[in-house]
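Remarks on the structure that follows.
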Ligand SMILES: C[S@@+](CC[C@H](N)C(=O)[O-])C[C@H]1O[C@@H](n2cnc3c(N)ncnc32)[C@H](O)[C@@H]1O
């Protein structure tokens with residue numbers, strides 16, 4: 008399902024809203040009723056309305072949950088950090104499925120520079136808005152500085168145009184049968200807006216042809232490997248599995 012509209016809830020933001028609506032090719036609404044999956048530009052932030060009871064989805068890198076996780080985050084504890092090979096040296100990571108940016112944020116908090124790629128213009132707009140607010144939040148502004156976002160299909164991105172990433176990180180949408188992945192409203196929102204990533208096998212095949220040291224794929228613990236390609240090794244966490252492909 009694609010968004011039909013952008014609603015400007017704050018008259019002071021009307022010129023920003025017009026620009027964004029034009030960029031995303033969305034109808035601009037200035038009064039309710041709002042269809043489900045409407046982007047709402049308010050005084051503080053950009054958010055996406057959800058159908059039913061679920062509240063809006065927005066990117067908040069300073070949410071109490073994320074700040075709590077940040078206060079306890081260590082390379083040893085974070086399976087994703089072990090998977091990307093983070094030690095004293097901090098690899099530059101290309102997150103080719105940035106989504107709502109949480110994995111990127113954790114890697115950046117641990118000291119990696121992260122280049123984030125997101126192909127859905129609407130998800131990328133939510134993410135850009137979260138990054139804008141993070142830059143103005145003293146506690147996390149230094150982390151945000153290590154994160155750069157591009158709205159693009161990853162397979163079209165020219166790696167050599169950037170500080171060379173050493174790791175490509177992939178977290179495509181989990182298969183539909185994984186009900187747990189659908190429980191969180193953010194995941195439902197990603198699915199509604201960005202689809203089910205049916206081309207994730209191709210994305211892995213593309214990643215493996217790039218000049219990087221390793222490729223990491225986040226998967227449900229019991230899912231098949233992407234493109235049926237066996238990884239060099241696996242790092243498991245309580246909820247996920249990270250398939251690590253070392254490049255020769
Ligand atoms: C499951 S979400 C990623 C969640 C993310 N790791 C996080 O921590 O919020 C997958 C995202 O990857 C994006 N995506 C999938 N394939 C892509 C591709 N080939 N190029 C760019 N973005 C892609 C989707 O649009 C979706 O937003």
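In my numbering, the protein residues as written are 8 to 255. Glycine included, each C-beta is placed from N, C-alpha and C at the ideal position. Bear in mind that the values here come from a model prediction, so they are computed numbers and not experimental data.
Just to check, is the beta-carbon of residue i closer than 7 Å to a non-hydrogen atom of ligand 1?
i	result
residue 180	yes
residue 228	no
residue 236	no
residue 162	yes
residue 130	yes
residue 49	no
residue 81	no
residue 67	no
residue 104	yes
residue 137	no
residue 204	yes
residue 110	yes
residue 115	no
Report back the beta-carbon spacing between residue i and residue j to the nearest angstrom; my notes put them in contact at under 8 Å.
i	j	result
residue 106	residue 178	7 Å
residue 141	residue 151	4 Å
residue 57	residue 196	6 Å
residue 133	residue 66	5 Å
How is the beta strand (DSSP E) around residue i delimited, first residue to last?
i	result
residue 249	247-253
residue 47	46-48
residue 36	34-36
residue 27	Note, residue 27: premise wrong, no beta strand (DSSP E); alpha helix (DSSP H) at 21-31.
Relative to the C-alpha of residue i, which residue among the options is closest?
i	options	result
residue 115	198, 87 and 45	87
residue 156	137, 145 and 167	137
residue 69	62, 55 and 113	113
residue 21	48, 99 and 95	48
residue 194	64, 233, 139 and 174	64
residue 98	125, 171, 61 and 131	171
residue 38	199, 12 and 55	12
residue 167	40, 234, 217 and 46	217
residue 161	144, 123 and 23	123
residue 130	202, 242 and 144	202
residue 223	249, 232, 230 and 235	249
residue 109	19, 164 and 176	176
residue 101	164, 180, 230 and 44	164
residue 50	19, 71 and 66	19
residue 219	91, 226 and 246	91
Note the first and the last residue of the continuous alpha helix (DSSP H) segment covering residue i.
i	result
residue 154	That residue, residue 154, is in no alpha helix (DSSP H); its beta strand (DSSP E) goes 154-158.
residue 11	It is not in any alpha helix (DSSP H) - residue 11 carries neither H nor E in the DSSP assignment.
residue 163	Element bounds for residue 163: n/a, residue is neither H nor E.
residue 134	128-142
Runs of beta strand (DSSP E) lying entirely within the segment 45-121, each at least 3 residues, in chain order: DSSP runs (the beta strand (DSSP E)) wholly in the segment 45-121: 46-48, 53-55 and 100-102.
Pick out the complete alpha helix (DSSP H) segments inside the segment 187-249, 4 residues or longer, and give them in chain order. 192-201 and 207-215
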